[in-house]
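*Asks:*
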Amino acid sequence: MTLTETRPEAEAVAAGDDSRPATQSSAPQWTPPTGLARFLSTGDHMTIGQMYVVFSLVLAGLALTLGMLMGIEQADIDGGFGVFSNANEVFQVFGLYRTTLILCGLVPLFLGLATALVPRQLDASSMAFPRAAAAAFWTWLVGAITHIVATFAYGGLGSVQAGAAREQSVELTVLSLGLISLGLLVGSGVVFTTLVTQRPSGMDLLQMPAFSWSMLVATGVWLFSLPVLLANLIISWVDMRGADALAFGGGGAPFDQVAWAFDAPQVFAWTIPLLGITAEVFTSAHRSSPKMFEPMAFIVGAFGFFSFGAWAQSFFDSADPTATDAHVVTSEVLFTAFALAIALMVVAYGGWLAFNAYSAGQRPQITPQFALVTVSGALLTAAAVTGVLRVAEPALGVLREADGDIWRGFFDAMDDLETSSLVNGLMNFAVLAGLLAAVAGLFHWAPKMLGRSLNAPLGFLAVLPLAGGAILIGATDVLSGFFDQPDRPFETGSIGDIDALGFVEALNVIGLIGYVAVLGGLALVALNVARSLATAPTAEAESEGAT
Amino acid sequence: MADIPVGTPLAAPLPRQRTLLVGTVFGTAATLMYFAGLLGVYLRERSDALSGGGEWIPSGANIQLAPPTVAAWTMLMSVVTMQWAVYSIARDDRAHAIMATALTTLFGLSVVVTTSFQYTEMGLVADESIAAVLIYTISASHLVMIAVGLVFLLLMAFRALAGQYSSRQTDGFVAASIYWYAVVFVYVVIWTAIFVLK
Chain R
7 MTLTETRPEA EAVAAGDDSR PATQSSAPQW TPPTGLARFL STGDHMTIGQ
57 MYVVFSLVLA GLALTLGMLM GIEQADIDGG FGVFSNANEV FQVFGLYRTT
107 LILCGLVPLF LGLATALVPR QLDASSMAFP RAAAAAFWTW LVGAITHIVA
157 TFAYGGLGSV QAGAAREQSV ELTVLSLGLI SLGLLVGSGV VFTTLVTQRP
207 SGMDLLQMPA FSWSMLVATG VWLFSLPVLL ANLIISWVDM RGADALAFGG
257 GGAPFDQVAW AFDAPQVFAW TIPLLGITAE VFTSAHRSSP KMFEPMAFIV
307 GAFGFFSFGA WAQSFFDSAD PTATDAHVVT SEVLFTAFAL AIALMVVAYG
357 GWLAFNAYSA GQRPQITPQF ALVTVSGALL TAAAVTGVLR VAEPALGVLR
407 EADGDIWRGF FDAMDDLETS SLVNGLMNFA VLAGLLAAVA GLFHWAPKML
457 GRSLNAPLGF LAVLPLAGGA ILIGATDVLS GFFDQPDRPF ETGSIGDIDA
507 LGFVEALNVI GLIGYVAVLG GLALVALNVA RSLATAPTAE AESEGAT
Chain A
2 MADIPVGTPL AAPLPRQRTL LVGTVFGTAA TLMYFAGLLG VYLRERSDAL
52 SGGGEWIPSG ANIQLAPPTV AAWTMLMSVV TMQWAVYSIA RDDRAHAIMA
102 TALTTLFGLS VVVTTSFQYT EMGLVADESI AAVLIYTISA SHLVMIAVGL
152 VFLLLMAFRA LAGQYSSRQT DGFVAASIYW YAVVFVYVVI WTAIFVLK
């Protein structure tokens, strides 16, 4: 029996059944909990989905605030520490920005949309395991709050301060990240199982709406990624339990071990649902349904396959990367091939969207969600192009081996990109693309999720800072990467390598403006949601809601 | 389409949604990926240590092959009893299904005992070598996996005692068996990668 089933007593009362013994009629009737108890005990997919969305948007806002603080710090690179007091604090916030933005913001936001909408899209009454869905949410939320508190209590994913005593809060940070991963994994399992088993008879997998299909692919890829992340964290934690951490729990090793989750190609895996949301919003704006669904489904599946990145763990690279038999994962053929394949899939997906726009034969209806998915697509393309730039040197390395003088300048410029802030730009482009698409989904499905439409003019007002800010954040990181700004700002020893320091600092200030803009945009979205919730739900909103 | 004569029996109902089975397959696959991650790190570190000319297992440790081999055979025997339980419940033989589940549970418990015995004998100090950290992490994770499997099996056995499963509804037993086969598979991989290769 699921939590969403009607209790027998209620059914009997509704049916006017007076055949029960008199003793039962005087028994206290069950009434659904209200207030906080309702949220704590709910197994209703819509309520759980709404809670995911609210908390993940708040945590994404927190992550962007951390990014802003990093931006202030980076605005004066050679002037010592400003916002933070030492390199270790920069390291803590650097790690927390990534974990919070992706695992506490983006992924749960997609899971929230899926938890709320997938049963609706499949015409199912609830999720496959409603209690597990609730348990996943609370596990994730407790993990996320603990993770943030532990990091601020001088924890973080390790320490880069030489000779510093290991804090217990570091262990708590690692454990809490494990809890977050576990919660997301269970949530993914619930969504996956719902998609496979709760479809109405006659609906095969390729007849599902595009968002549902993209969630099936996404949860499938997350199924293969999150347990590996959990394994990395457990190894770190066990190593920390000893008197001295040996290899996995000391220094910055805990972060280095999980860094693959915030880097290409895995960073694209967290954004897979973006493709489904874009397909639905885009075709809806053209007042048509997705045409040529199978090729789109294949592209999304292939994008998912090539975004699996648990194998690309730089932590296990050879200690001496210049040795003849050195293993450096980002220089491997597979890494290069995956980056190129991702770019190819993004181009193919763009082609599919163009085909649908052409087939619709009419101009799109410009809505906030349409504007958001358009910018989101541009950001994803920028991320894919950045990924190609990153592997350009190893990809074209065969030319250098044939003749070292060919494009010497080009290769020299490309050589240092791997450890430059271009890598951060790639992550920011991809994650912010996902965030914008999720916000677009919120606008698109607000009538279903909230019972009310969101205000369109206020929505357009939010699009501008969200889009502009996201572009500024990613573009300045990529550009400063070409001037050798290091990808890890806490490694102060690399500051001397930066070319045109003043220009890079100016770029960082522009990036800082980007963070402020995106935060402002998110605040406008929150205001829009609050404003809509303050109005009475309308029947029209429900009937207008996209499926 | 031809007319359907009056009195024709209705078509058979569509197959049930196998929610528990799909959920278990998802969970089992996630568990296998977790161990793939652990064993990947183990084999990588071992390879690095040996290619550098160093030793992998500390010289003071005494990792014998006999206890894990006994445990591996016990696990393999539990595959037979697990399949016996599925076979029995599919034929409405509830008594044999419960007996086979109880035997599988006993086999699982005996592996826990064997592993605990080996912990006391092998003289491997957890914080003195990378090998020790990884061996304890992997084997303890497998003990947790066995514990989850035992709870799953006992739950299915109690439900069978209450009459829930029969030839018309075997999902619970089949789901438990899928998970249990994964437990056995992981142990065989651990036995090979850690105890045979050392």
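Same order as they appear, the protein sequences are chains R and A.
Counting from 7, one number per residue, gives the positions in the first sequence under this note's numbering.
Counting from 2, one number per residue, gives the positions in the second sequence under this note's numbering.
Note that beta-carbon positions come from the ideal geometry of N, C-alpha and C, so glycine has one too.
1. Can you give me the C-alpha to C-alpha distance between Ser427(R) and Tyr103(R), rounded to a whole angstrom?
2. Between Ala37(A) and chain R, is the shortest Cβ-Cβ distance under 9 Å, so that the two count as touching?
3. Spell out the partners DSSP gives Pro492(R) in its beta bridges.
4. Write down the C-beta distance between Ser89(A) and Ala101(A) rounded to the nearest angstrom, noting that I regard them as a contact closer than 8 Å.
5. Straight-line CA distance for Pro27(R) to Gln165(A)?
6. Any idea if Glu300(R) is buried or exposed, counting beta-carbon neighbours within 10 angstroms, 16 or more meaning buried?
7. For Leu178(R), which residues from the same chain have a beta carbon less than 7 Å from its beta carbon, with the 5 sequence-adjacent residues on both sides left out?
8. Measure from the C-beta of Leu3(R) to each C-beta in chain A and report whether the shortest distance is under 9 Å.
9. Consider the Cβ of Gly173(A): report whether some Cβ of chain R lies at a distance smaller than 9 Å.
10. Give the single residue among Gly248(R), Phe376(R) and Leu423(R) whose Cα lies nearest to the Cα of Val4(R).
11. Could one say the Cβ of Arg47(A) lies closer than 9 Å to chain R's Cβ atoms, at least one of them?
12. Taking the alpha-carbon positions, what's the Ser62(R) to Gly55(R) distance?
13. Measuring only from the beta carbon, is Gly195(R) closer than 8 Å to any heavy atom that is part of the ligand FAD?
14. Could you check whether the Cβ of Pro27(R) sits closer than 9 Å to any Cβ belonging to chain A?
15. I'd like the span of the alpha helix (DSSP H) that includes Met221(R), first residue to last.
16. Thr373(R) and Val287(R) - do their beta-carbons sit closer together than 9 Å?
17. Over the uninterrupted alpha helix (DSSP H) stretch that includes Tyr521(R), give me the two end residues.
18. Give the DSSP-derived three-state secondary structure of Ser167(A) in the structure shown.
19. Applying a beta-carbon distance threshold of less than 9 Å, which residues of chain R neighbour Tyr137(A)?
20. Does Val484(R) come out as helix, strand or coil in the three-state DSSP assignment?
21. Using a Cβ-Cβ distance under 9 Å, would Ser142(A) count as near chain R?
22. What is the C-beta distance between Val381(R) and Ala291(R), in whole angstroms, given that I count them as a contact (C-beta under 8 Å)?
23. Output the distance between the C-alpha atoms of Phe230(R) and Ala86(A), rounded to the nearest integer angstrom.
24. So, does the CB of Met34(A) fall closer than 9 Å to a CB anywhere in chain R?
25. Would DSSP call Glu300(R) helix, strand or coil?
26. Using the beta-carbon of each residue, which ones in chain A are nearer than 8 Å to Phe314(R)?
27. Using CA coordinates, which residue listed in Asp331(R), Arg126(R) and Asp245(R) is at the minimum distance from Ile131(A)?
28. Are the beta-carbon atoms of Leu456(R) and Leu533(R) separated by less than 9 Å?
29. At a Cβ threshold of 9 Å, is Ala194(A) touching chain R?
30. Kindly give me the distance between the Cβ atoms of Thr200(R) and Ala140(R), rounded to whole angstroms, as I take these residues to be in contact under 8 Å.
31. So with CB distances below 9 Å, who are the chain A contacts of Val124(R)?
32. Are the C-beta of Leu191(R) and some C-beta of chain A separated by less than 9 Å?
33. Determine the closest residue to Ser207(R) out of Asp129(R), Gly367(R) and Leu470(R), with distance taken between C-alpha atoms.
34. For chain A, find out if any of its Cβ atoms is closer than 9 Å to the Cβ of Asp250(R); answer yes or no.
35. Determine contact between the stretch 174-194 of chain A and the stretch 138-150 of chain A, defined as no fewer than three beta-carbon pairs at a distance below 8 Å.
36. To the nearest angstrom, report how far apart Ile240(R) and Gly109(A) are at their CA atoms.
*Replies:* Quick look at the numbers:
1. 15 Å
2. yes
3. Ser426(R)
4. 6 Å
5. Per-residue confidence for Pro27(R) stands at a pLDDT of 48, beneath the threshold of 50, marking its modelled position as unreliable; the derived number appears in the next sentence. When rounded, the distance between both Cα atoms is 28 Å.
6. exposed
7. Thr152, Ala156 and Gly161
8. Residue coverage of chain R in this structure runs from 7 to 553, which leaves residue 3(R) outside it and unanswerable.
9. no
10. Since the displayed chain R opens at 7 and closes at 553, residue 4(R) lies outside it and no answer follows.
11. no
12. 10 Å
13. You won't find the ligand FAD in this model; it holds no ligand whatsoever.
14. No answer about Pro27(R) holds up, because its pLDDT of 48 lies below 50 and its placement is not dependable.
15. Ala216 to Arg247
16. yes
17. Leu507 to Ala540
18. strand
19. Val244
20. helix
21. yes
22. Going by Cβ atoms, the distance from Val381(R) to Ala291(R) rounds to 14 Å, so no, they are not a contact pair.
23. 30 Å
24. yes
25. helix
26. The contacting residues do not exist; Phe314(R) stays about 11 Å from chain A at best.
27. Asp245(R)
28. no
29. no
30. Their Cβ separation, rounded to whole angstroms, is 14 Å, which puts Thr200(R) and Ala140(R) out of contact at 8 Å.
31. The premise fails here: Val124(R) is roughly 14 Å from chain A at the closest Cβ pair, so nothing lies under 9 Å.
32. yes
33. Asp129(R)
34. yes
35. yes
36. 24 Å
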